[in-house]
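Colleague:
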Amino acid sequence: MFNRGLAARIKAYAQGGNTLSFADQCKDLTQLKKAEETAWLGEAHSQVLQQSLKDLDLAYRHFMRRVKMGEKPGFPRFKKKGRKDSFRYPQGINLQHGKVFLPRIGWVRYRDSRAIEGEVLQATVKREGEHWFVCLACKLELPDPASVAVTENRAVGIDVGLKNFAMLSDGSEIKNPRFLTKALARLRKAQRRLSRKMKGSNNRKKQVMKVSRLHARVKNCRKDFCHKASTAIVKNHDVIAVEDLNIKGMVKNRHLSRAISDAGWGLFIQMLKYKAEWKGKHFVQVGRFVATSQTCSGCGEKKPMPLSVRSYSCGNCGLVVDRDWNASLNVRAAGLAVLNACGGA
Ligand SMILES: [Zn+2]
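Residues in the sequence shown are numbered from 370 upward in steps of one, following the working numbering.
As structure tokens, this is what we get:
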């Protein structure tokens, strides 16, 4: 559906410079279902098909917005079957212990590892490797963060880095697990084997599965690690301050890109944010303009700190502290300052 929609948009534009809207395409969908050649579309739930068109519409909007901003975004691409297969129901989902009702498909058993909270709004069904997942988006009443006091002794500043995954302002370190780096030898071997298999052969298919399983494993390990680390931090603190990292910009640095993607900070920070919201705690991202590494956490004096210098020693107040720890203390102070300025206290 996505590909058909994209092709129709490209064609309409080439023929007369017209832009098809989401509503136009939904009307076309009704016609397509009647046509003999594409009658099979009728087998899928109509809202699922519409969601696909909605995704396309969104991809277009993002594209247009970025063009207007003078950027050079990539044009929406056709999707390849088998790469990231997924579909979404905007409504009509029902749950019963261990079973989920998907319109047009029926009751499907699933492993409910955790209780569903709140009202289920939409469901996305996706395949990753050989496994199928259903992601449920739920509506929750969030606790009011104003009811949690902003106190210094329940505040934590977090500095993420490559030496340590994260350094907390209480002095504790979270070691960098480097899942991808560890799995790289096995991945390379599996990929080499794959390149030697004949195209279209069954052995190739099997090897493709093996490679994707290895990738999935790395991803799961990273996710699990981020979950554990973020849950512990949110549990033990009421104020969580992190630096607003320019991860996308950093990944462009080719020397560091793999190490940075491997670290999974983006995921980690995302988790900290939503878990803090769930618990009604304060989450602050400190602006990139705050010189967290260059500033002395003791007296506020600034000095240049090249990456190779691992410890901060202040010429003004005599403080000597680990570089990342110093940064995390600054993040904490800046976070508290933001909250107090907003009247969060
Ligand atoms: Zn100082």
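Backbone N, C-alpha and C fix where the C-beta goes; we use that ideal spot for every residue, glycine too.
Confirm the yes/no value for this check: CB of residue 667, any heavy atom of ligand 1, distance under 7 angstroms.
Modeller: Indeed, a heavy atom of ligand 1 lies less than 7 angstroms from the Cβ.
Colleague: Terminal residues of the continuous beta strand (DSSP E) containing residue 493?
Modeller: Segment 488 to 497, the beta strand (DSSP E) holding residue 493.
Colleague: On the premise that residue 691 lies in contact with residue 655, defined as a C-beta separation below 8 angstroms, what is that separation, rounded to the nearest angstrom?
Modeller: With a Cβ gap of about 19 angstroms, residue 655 and residue 691 do not count as contacting.
Colleague: Going by other Cβ atoms of all chains shown within 10 Å of its Cβ, with 16 needed for buried, is residue 431 buried or exposed?
Modeller: Counting Cβ neighbours within 10 Å, residue 431 comes out exposed, since fewer than 16 surround it.
Colleague: Buried or exposed for residue 684, please, with buried defined as at least 16 other CB atoms from any protein chain shown within 10 angstroms of its CB.
Modeller: So residue 684 counts as exposed.
Colleague: Looking only at its own chain, which residues have a Cβ that is under 8 angstroms from the Cβ of residue 555, when we skip the five neighbours before and after it?
Modeller: Taken in chain order, the residues that qualify are 583.
Colleague: Going by DSSP, what residue range makes up the beta strand (DSSP E) through residue 654?
Modeller: Element bounds for residue 654: 651 to 655.
Colleague: Looking at residue 505 and ligand 1, is the gap between the Cβ and the nearest heavy atom below 7 angstroms?
Modeller: Residue 505: no, Cβ never under 7 angstroms from ligand 1.
Colleague: 8 angstroms is my cut-off, CB to CB: does residue 575 come that close to chain D?
Modeller: Looking for chain D here will not work: only one protein chain is present.
Colleague: Across which residues does DSSP place residue 526 in a beta bridge pair?
Modeller: 610.
Colleague: Does the separation of the CB atoms of residue 538 and residue 698 fall below 8 angstroms?
Modeller: Against a cut-off of 8 angstroms, the Cβ pair of residue 698 and residue 538 comes out as a contact.
Colleague: Looking at ligand 1, does it come within less than 7 angstroms of residue 686, judged from the CB to the closest heavy atom?
Modeller: Checking every heavy atom of ligand 1 against the Cβ of residue 686, one is found closer than 7 angstroms.
Colleague: In the DSSP assignment, find the unbroken alpha helix (DSSP H) run with residue 519 in it and report its ends.
Modeller: No alpha helix (DSSP H) contains residue 519, which DSSP labels as neither H nor E.
Colleague: So, for residue 374: in the same chain, excluding its five sequence neighbours on each side, which residues have a beta-carbon less than 6 angstroms away from its beta-carbon?
Modeller: The answer, listed in chain order, is 394, 422, 425.
Colleague: Let me make sure I understand the geometry here. Which of 541, 382, 467 has the alpha-carbon closest to that of residue 478?
Modeller: Considering only alpha carbons, the answer is 467.
Colleague: Beta-carbon separation of residue 591 and residue 548 under 8 angstroms?
Modeller: A contact, by the Cβ cut-off of 8 angstroms.
Colleague: Could you have a look at residue 713 and say whether DSSP puts it in helix, strand or coil?
Modeller: Only weak support exists for where residue 713 lies, its pLDDT of 48 falling under 50; the value from the coordinates is given anyway. Three-state DSSP puts residue 713 in coil, outside helix and strand.
Colleague: Quick one, which of 500, 520, 680, 493 has its alpha-carbon nearest residue 457's?
Modeller: Ranking 500, 520, 680, 493 by Cα distance to residue 457 puts 493 first.
Colleague: Which ranges would you report for the beta strand (DSSP E) in the stretch 407 to 484 if only whole runs of at least 3 residues count?
Modeller: If we require 3 residues or more, the beta strand (DSSP E) runs fully inside the stretch 407 to 484 come out as 455 to 458, 463 to 465, 468 to 471, 475 to 478.
Colleague: Using a 10 Å radius around the Cβ and a threshold of 16 neighbouring Cβ atoms, would you call residue 480 buried or exposed?
Modeller: That one is exposed.
Colleague: Under the DSSP definition of a beta bridge, which residues are partnered with residue 502?
Modeller: For residue 502, which the question treats as bridged, DSSP gives the partners 495.
Colleague: Taking 8 angstroms as the threshold (C-beta atoms), are residue 595 and residue 540 in contact?
Modeller: Result no, Cβ atoms of residue 540 and residue 595 do not sit closer than 8 angstroms.
Colleague: Considering only residues of the same chain and omitting the five flanking positions on each side of residue 442, which have a CB-CB separation below 8 angstroms?
Modeller: Answer for residue 442: 431, 432, 435, 436, listed in chain order.
Colleague: Per DSSP, what kind of secondary structure is residue 389 in: helix, strand or coil?
Modeller: In the structure shown, residue 389 sits in coil (DSSP, three-state: anything other than H, G, I, E or B).
Colleague: Run through the DSSP bridge pairs and tell me what residue 537 is partnered with.
Modeller: Beta-bridge pairing links residue 537 to 527.
Colleague: Tell me the rounded alpha-carbon separation between residue 587 and residue 399.
Modeller: Between residue 587 and residue 399, the C-alpha separation is close to 42 angstroms.
Colleague: Once DSSP output is grouped into helix, strand and coil, what is the label at residue 678?
Modeller: Residue 678 falls in the coil class under three-state DSSP.
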